Amino acid sequence: MMSTIQSSSTHQNAIPTTSTVGIVPDKYRGAVVEDLQLPPAFALPSMERVSRVIELAYDRDFSHIPVLDRNRKPLGYVEVSKLKQLWESGKADPTDSVSKYMTRFKRSVDSHPYSLVTPLTELNELEDFLKDNIFALVTDSERKFVLAVATMHDLENFVTRRG
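Residue 54 in full-length UniProt numbering sits at position 54 of the sequence shown, with consecutive numbering throughout.
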């Protein structure tokens, strides 16, 4: 919202200058993912048992957990509530590996280009990404390591903290 101070009636019909028209304040003030101060990522190996995944997820209150291959490369993620439903309905064996029930990341460059989110990614970019995704994996620039997981909730908390 733009407000102006009017000192006399001659300024009542003043036209705003181009420097004030169309400018949307940056709610993140140039901040980057690193400024969110996210906890280190919690990820699971693809061979982890379903029972252990559910136990770990509820201990840490996670709803989605990244799943990694033996080289720590992200393969996909497990949606904990969905996995728990499958287990409770008898459709998931507690001794099965989590890879059987995970959602795989789409690697097709044509239909779903990979969006690199690093500690230096601007929060405006992260917000755009999260409009179409549940969470973002924060990786190093070579995508070798998952450093953190960012959600829209993290962005909302950041804005609230900064005032």
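Ideal placement from N, C-alpha and C gives every residue a C-beta, glycine not left out.
Quick caveat: nothing in here was measured; it's all calculated off a predicted structure.
Query	Result
Proximal residues to Arg162 (C-beta, below 6 Å), its chain only, five neighbours per side dropped	none
Straight-line Cα distance separating Gly90 from Leu120	43 Å
9 Å Cβ cutoff met for Leu137 and Ser99	no
Range covered by the beta strand (DSSP E) that runs through Tyr77	Pro74 to Glu79
Where Leu38 sits in the DSSP three-state scheme	coil
Simplified DSSP assignment, three categories, for Ala92	coil
Straight-line Cα distance separating Asp93 from Ala150	30 Å
CB contact flag (Val80, Val67, <9 Å)	no
Spatially closest choice to Asp69 from Leu116, Thr160 and Met102, by CA coordinates	Met102
Rounded Cβ spacing between Leu155 and Glu127 (contact assumed at less than 8 Å)	6 Å
Ile134, buried or exposed, once every other Cβ within 10 Å from all chains shown has been counted against 16	exposed
Per-residue DSSP class, three states only, for Thr103	strand
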